[in-house]
Every structure is written in structure tokens, then in C-alpha cells.
Amino acid sequence: MRLLITGAGGMLATDVVAAASARGHEVVGLGRDRLDVSVREAVLDAVVRERPDAVINCAAYTNVDGAEADPDAAAAVNAAGAGFVAQAAAAVGAWVLHVSTDYVFDGEKGTPYLESDPTGPRSVYGSTKLLGERAVALAAPDTHTIVRTSWLFGVAGHCFPATMLRLASERDLLTVVDDQVGCPTFTGHLAQALVELADGEPQRGIMHVAAAGEGSWYDFAVEIMREADVNVEVRPCSTAAFPRPARRPAYSVLRSERAGAPVLPDWHDGLRAYMAARVAA
Ligand SMILES: NC(=O)c1ccc[n+]([C@@H]2O[C@H](COP(=O)([O-])OP(=O)(O)OC[C@H]3O[C@@H](n4cnc5c(N)ncnc54)[C@H](OP(=O)(O)O)[C@@H]3O)[C@@H](O)[C@H]2O)c1
11 MRLLITGAGG MLATDVVAAA SARGHEVVGL GRDRLDVSVR EAVLDAVVRE RPDAVINCAA
71 YTNVDGAEAD PDAAAAVNAA GAGFVAQAAA AVGAWVLHVS TDYVFDGEKG TPYLESDPTG
131 PRSVYGSTKL LGERAVALAA PDTHTIVRTS WLFGVAGHCF PATMLRLASE RDLLTVVDDQ
191 VGCPTFTGHL AQALVELADG EPQRGIMHVA AAGEGSWYDF AVEIMREADV NVEVRPCSTA
251 AFPRPARRPA YSVLRSERAG APVLPDWHDG LRAYMAARVA A
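Residue numbers for the sequence shown follow our numbering, so the first one is 11 and each next one is one higher.
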């Protein structure tokens, strides 16, 4: 099948393009330089020109703290842009898979979030991503899948393990928050699942797809150092001790209540796969 991937220069999209090509699909990856999803006519032109069977929208404004200072820029991509991509896909009869986030939740539930749970974003980024979900559902009511995922890390982008490993080479002590808990998800595993969703039985609506298991950023940092065999002290701290412009959910573990949802490997396996991919890159 023919797949169009937006935001193709990004961390997740890079792995989606690779996974789709490896599965034998015809892949058109358009980075921001070739397609700005916030420009309605440009999106329609590109989708009409490429005539894909499915579009996977990986384009997003992902600077969570930056969005607090520039909500319009975040909304142009995450809300309006998401709607334009879905509209264009619907216009050519293509299915749209749109990627969303655990940050649409307030983080206060304390047990894993399911698709039917009420949303309540606490940040501009999360609010704009929620508006994007709604725009996608409105523009392509019968032909969309919204995949919510969380805490992505991969070799093609700036991510938490890469940052921790860099800091560990510069310092003897790393202080990492232990009161935010989520599912660190390897983009290689998610990309595979997205491509399988694109070429499998259509799954309409919202679907949670994140790594199995859960952990805090501190747990994740400890595992990164263990896997990399780096001897550095990792000390837990609270979110309050490390203030950031955007509020993050305290607990945003995602699980699915849908029978057809892909099940990803545990995040420890994701981390091992990431470390292997880093060496190979
Ligand atoms: N990273 C996470 O922890 C995480 C967690 C949950 C969900 N997600 C979601 O996963 C998806 C992929 O994120 P990612 O981690 O791969 O982020 P990423 O590496 O920042 O990729 C996003 C890509 O979108 C591009 N982009 C920005 N504005 C655009 C525009 N107007 N038109 C076209 N492309 C544009 C970016 O280009 P520039 O780099 O040039 O700006 C970047 O290449 C996003 O929907 C994100 O919200 C991410």
C-alpha cells in the first residue's frame, strides 16, 4: 500500500518510514521543509498529488515548555494542522492515523488511563493535542485512528536516554524526578505498531499504544545507566525541586481497553532495543 508520512524529519516518523519500507510499502515521507501541515492548501495539494491509501501524521509542535510561551504556534500544528491532514486524507479516501499523547490527561487518576477516561490537559501542549484529536475526529469521522502514546525515545531524535547519557559523561551525579510515572516507549516498537495498524483491519477512534510496564523518570535513568554500564550516581528528586514552565501529569500510564490494540514490549525491552540501535547507527 502507499503511505504518506508527515513530519518525516522527526524522531518517530524516521522509524515509521523505515518500518513501512521494510514491510514493502510504497512510502512518501514529507518533512516540514516539503510540507507544512499548518497550511491547509499545501496539505490538500500534497495529499491529492500523492494519492496515498493511508496518511500517518507524525508532524507536531513537540516543545512542551516552549508551547506555554507560544500557544498559537503549538495550536497551528497540533490542532489546526492535525485537522487539515485529516480533511485532506478524507478528501482522497485515505485512512488517517494521527499520533497523540498521554499529556491530554491530568495525571491524577492513579491507575492506568483507558481510552474511555475523561481528558483534562494541564499544559498548552496537551490542550493543543486534544484539540487536534477533536479536529481529526470531526474531519474524518469514519476513517481515523488516533493513537495516544507516551514518553517516546528513539535514535533519530533528542530524547531522554540520549540526554542522560550525555549528562553522565559530564557529571558524577544525576538528579532525576521520581514523582512522574509513565510508559517510556521506544519509537522502533511504536513505528512497527503504527504500520501494522495502517495496513491491517481498520480500527476507528482512539487507541492507547504505549510500552508495557511503568516507571518514573528516575527508574528510567537508573535503567539507562545500568544498560550502558555507566557508573554514575542517580538520585531521585521531586518535580517541585525541578520547576519547568509546563505542568506534566504525575501519573500518565496508558493501557488499552480495545481488543484490537497492538501490545508493545515492556519498556525495559524498548531500552535494550534502543541501546542496540544506537550502537548500530
Ligand atoms: N516525544 C514524546 O515523548 C511524545 C510522547 C507522546 C506523543 N508524542 C507525539 O508523537 C508524535 C511524534 O513526535 P516526535 O517525538 O517524533 O517529535 P519530533 O521529533 O519533534 O517530530 C515532530 C516533527 O514534526 C515536525 N513539524 C513541526 N511543525 C511542523 C509543521 N508545521 N509541518 C510539518 N512538520 C512539522 C518537526 O519538524 P522540526 O523539527 O523542523 O520542528 C519534527 O520533525 C507527535 O504527534 C507527538 O505529539 C511524542
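Built from N, CA and C at the ideal position, the CB exists for glycine as well.
- The beta carbons of residue 289 and residue 219 sit no closer together than 8 Å.
- For residue 277 and residue 160, the gap between their C-alpha atoms comes out near 11 Å.
- Distance from the CA of residue 187 to the CA of residue 27, rounded to the nearest whole angstrom, comes to 33 Å.
- One Cα belongs to residue 175, the other to residue 93, and the distance between them is close to 37 Å.
- The alpha carbon of residue 111 has as its nearest neighbour, out of 97, 91, 137, 105, the alpha carbon of 137.
- In this structure, the straight-line span from the alpha carbon of residue 268 to that of residue 231 is close to 31 Å.
- As summarised for the stretch 129–169, the continuous beta strand (DSSP E) elements at least 3 residues long and confined to that stretch are 154–159, given in chain order.
- One thing to note: residue 67 has its Cβ within 8 Å of the Cβ of residue 107.
- With fewer than 16 other Cβ atoms inside 10 Å of its own Cβ, residue 245 counts as exposed.
- Listed in chain order, the alpha helix (DSSP H) runs fully inside the stretch 49–123 are 50–60, 74–79, 81–85, 92–101, counting runs of at least 4 residues.
- Distance check between residue 134 and each of 63, 52, 33, 77 places 77 closest, using alpha-carbon atoms only.
- The stretch 46–58 makes no contact with the stretch 208–223; the number of CB pairs closer than 8 Å stays below 3.
- With a cut-off of 8 Å on Cβ pairs, the stretch 234–243 is in contact with the stretch 165–182, counting three or more such pairs.
- In the DSSP assignment, residue 230 is bridged to no other residue.
- Under the criterion of beta carbons closer than 8 Å, residue 140 and residue 131 qualify as touching, at roughly 5 Å.
- DSSP places residue 204 within a helical segment (H, G or I) once states are collapsed to three.
- The residues 272, in chain order, have a CB closer than 7 Å to that of residue 206 in the same chain once the five nearest residues on each side in sequence are set aside.
- Distance between residue 166 and residue 17, taken at the CA atoms: about 13 Å.
- The C-beta of residue 196 has 16 or more other C-beta atoms within 10 Å across all chains shown, which makes the residue buried.
- Looking at the backbone, the Cα of residue 29 and that of residue 192 are separated by about 25 Å.
- The three-state reading of DSSP puts residue 25 in helix, counting H, G and I together.
- Taking residue 31 as the centre and dropping the five residues before and after it, the same chain places the C-beta of 37 closer than 8 Å to its C-beta, in chain order.
- Taking a C-beta distance under 8 Å as the contact criterion, residue 69 and residue 91 qualify as a contact pair.
- Judged by DSSP secondary structure, residue 288 falls within the alpha helix (DSSP H) whose first and last residues are 277–290.
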